[in-house]
Amino acid sequence: MVSYDFRCKCDIALLFFREERKVSVLSAAILYTGVFFWLFGTLYLFSKKAPVTKLHFLGISDTLGSFLIVLGLIAKSPEMWRPLTLVLVSAISWGPVLTHMIARAMIWKRRF
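Using this note's numbering, the first residue of the sequence shown is number 80, and each one after it goes up by one.
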């Protein structure tokens, strides 16, 4: 049989980790992970690699960071899912397209 003291401690723990708190912690973790990818990709620009390699790394980290930040915002405020989904689709589609256009311009400039 479970003692009363143990049940009381479990109830206190459940109050601390209510559903809103779990969602809040999860959304903050997703947001901070996205910001980490943004910063990590930006700091990689200071390396001594080829410009196309830097652009490739920055494009991937920027797209992934934007995706995670918008997912964190959707988790934080689910009533705003429609406009945030539009932002998410835009970030996922325009990020690689612009990176590709910049890389093509760099290659074209070297040729001529």
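Note that beta-carbon positions come from the ideal geometry of N, C-alpha and C, so glycine has one too.
Everything numeric in this text was worked out from a predicted model, so none of it was measured.
Can you tell me which of the three DSSP states residue i falls into?
i           : result
alanine 182 : helix
alanine 129 : coil
serine 140  : helix
serine 156  : coil
Take the Cβ of residue i as the centre, count every other Cβ of all protein chains shown within 10 Å, and call the residue buried at 16 or more, exposed below.
i              : result
isoleucine 153 : buried
valine 149     : buried
threonine 132  : exposed
leucine 147    : buried
Less than 6 Å between C-beta atoms, sequence neighbours within five positions excluded: which residues of the same chain meet that for residue i?
i           : result
glycine 144 : Gly113, Phe116 and Trp117
For residue i, which residues of its own chain have a beta-carbon under 7 Å away from its beta-carbon, when the five flanking residues on both sides are left out?
i                 : result
phenylalanine 136 : Gly120 and Tyr123
Leaving out five residues before and five after residue i in sequence, what residues of the same chain have Cβ atoms less than 8 Å from its Cβ?
i              : result
methionine 180 : none
* Asked: Would you call the segment 158-171 and the segment 120-129 in contact, with 3 or more CB pairs under 8 Å?
  -> Cβ pair count under 8 Å is below three, so no.
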